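Have a look at the structure below before the remarks.
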Amino acid sequence: MSKPVAVVTGGAGFIGSHMVDVLIEAGFAVRVVDNLTGGHLSNLKQHHGNPDLTTEWVDIRTLEPGNAAFEGARYVFHLAGIGDIVPSIEKPIDYMDVNVQGTVRVLECARAAGVQKLVYAASSSCYGLADTPTREDHRIDPMYPYALSKYQGEQAVFHWNKVYGLPVNSICIFNAYGPRVRTTGVYGAVFGVFFRQKLAGAPYTVVGDGTQARDFIYVRDVAEAFFAAAKTETVGERFNVGADNPQPINRLIEILGGDVVYVPKRPGEPDVTHADITKITTMLGWAPKVPFEQGVANMLSNIERWNDAPLWDPNSIAKATETWFRYMSKNEG
Ligand code: UDP
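Heads up, the sequence shown is in the numbering used here, so the first residue is 3 and it goes up one at a time.
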């Protein structure tokens with residue numbers, strides 16, 4: 003019997019590469035579709051030489067129905083996309099092209115292949131400055147083009163279910179963290195920023211007073227939620243995925259140890275994110291397994307990985323977040 007096949011778009015990326023790990027371990031043949039802009043080949047080096055992993059290095063915006071990577075696939079995990087707030091404010095066309103139109107092309111490939119399930123990576127940014135704990139039926143209020151593009155991508159996914167009967171589910175990710183979290187490029191993702199500062203012995207640039215909290219969820223737990231959303235008979239649902247346990251930034255500082263320097267609170271930033279995960283725990287039997295301290299320790303055991311990451315300080319952060327302050331302050335209060 004040949005192995006069941008799964009496609010992972012964005013499979014060379016942070017969450018996508020953990021998705022590949024989960025699927026290979028579960029006995030799938032995995033096909034990665036990635037253009038290696040956000041992702042990196044080194045994220046898949048643990049599978050080097052494994053015939054069960056094949057790769058197609060293409061931009062999802064160029065996919066056509068009938069694409070060979072999707073042929074015979076049982077599941078599609080759609081994790082390809084572009085992230086980060088500031089560049090999305092500066093380049094909204096790119097974000098809508100990749101995250102919405104690119105998603106439509108992935109949907110068409112999945113439909114042509116007759117897959118059993120497509121699972122979409124949605125973002126908790128769709129809820130805006132949300133009431134907490136946040137349920138899936140919370141009002142939608144994207145605050146910047148990245149959030150809008152991820153939400154509209156999700157709308158397309160549900161539309162393909164409604165019109166074409168494509169079986170889909172959506173995983174709404176809160177703050178995913180863990181090994182292979184992106185380190186290069188634009189300012190963002192607190193772990194990359196702090197780990198590089200720790201390596202350099204530089205002070206941690208804490209935003210505001212550091213009491214703000216995030217529902218950090220370990221990346222392996224996220225990948226397992228995607229797998230559960232594929233295997234279930236349930237179709238057409240969004241499931242929040244967080245740890246249901248918000249951690250203040252000051253707690254992260256306490257674990258890492260070292261000096262801090264404070265940078266201004268950014269407009270439109272939630273004081274706390276907190277996923278209500280009742281739906282996924284009751285409907286899919288998924289639960290977060292890796293405690294925050296354990297997850298951070300796993301990352302610290304490979305901290306040298308952040309040696310090449312950019313080193314941020316209050317000045318470079320002020321410059322990098324200029325657009326953010328300019329466009330987002332007027333939406334406040
Ligand atoms: N943060 C911080 N210093 C930094 C970058 C981020 O204190 O240099 C904080 C930020 O205020 C937020 C948390 O870390 O509370 C997570 O930030 P990130 O940008 O990773 O995610 P998001 O703000 O999108 O939840």
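By construction, the Cβ of each residue, glycine as well, lies at the ideal position given by its N, Cα and C atoms. Note that the structure is predicted; figures quoted are calculated from it, not measured.
Worksheet item: Alpha carbon to alpha carbon, what distance is there between Y153 and R141?
Response: 12 Å
Worksheet item: Relative to the C-alpha of A28, which residue among R240, M301, P6 and V263 is closest?
Response: P6
Worksheet item: Can you round the beta-carbon distance between A31 and D54 to whole angstroms, since I take them to be within the 8 Å contact cut?
Response: 5 Å
Item to complete: Answer yes or no: the CB of V88 versus the heavy atoms of ligand 1, is any distance below 8 Å?
Response: no
Fill in: Spatial distance of V263 from T185 (CA atoms)
21 Å
Practice prompt. Starting from the C-beta of N69, find all residues in its chain whose C-beta is less than 7 Å away, skip the five residues before and the five after it, and write them out in chain order.
Written response: C111
Worksheet item: For the beta strand (DSSP E) that contains V265, what are its first and last residues?
Response: V262 to V265
Worksheet item: Excluding the five sequence neighbours on either side, which residues of its own chain have a C-beta within less than 6 Å of the C-beta of S127, listed in chain order?
Response: A149
Item to complete: Please look up how many angstroms separate the CB atoms of A124 and S172, rounded, as I've assumed it's under 8 Å.
Response: 5 Å
Fill in: Residue range of the alpha helix (DSSP H) that includes S318
P316 to A322
Worksheet entry | is_contact[W59, chain B] using C-beta, thresh 9 Å | Reference to chain B is not applicable here, since this structure consists of a single protein chain.
Practice prompt. Using 8 Å as the cut-off, classify the Cβ of R268 as near or not near the heavy atoms of ligand 1, replying yes or no.
Written response: yes
Worksheet item: Near F176, which residues of its chain fall below 6 Å by C-beta distance, leaving aside the five closest residues on each side in sequence?
Response: S126, D217, I219, G244, T275 and A277
Item to complete: Determine the DSSP secondary structure at E110, reduced to helix, strand or coil.
Response: helix
Item to complete: Whole angstroms is fine: what's the gap from G116's alpha carbon to V78's?
Response: 10 Å
Discussion item. Is V9 close to ligand 1? I mean its beta-carbon at under 8 Å from any heavy atom of the ligand.
Written reply: no
Worksheet item: Do you know offhand how far F196's Cα is from M98's?
Response: 30 Å
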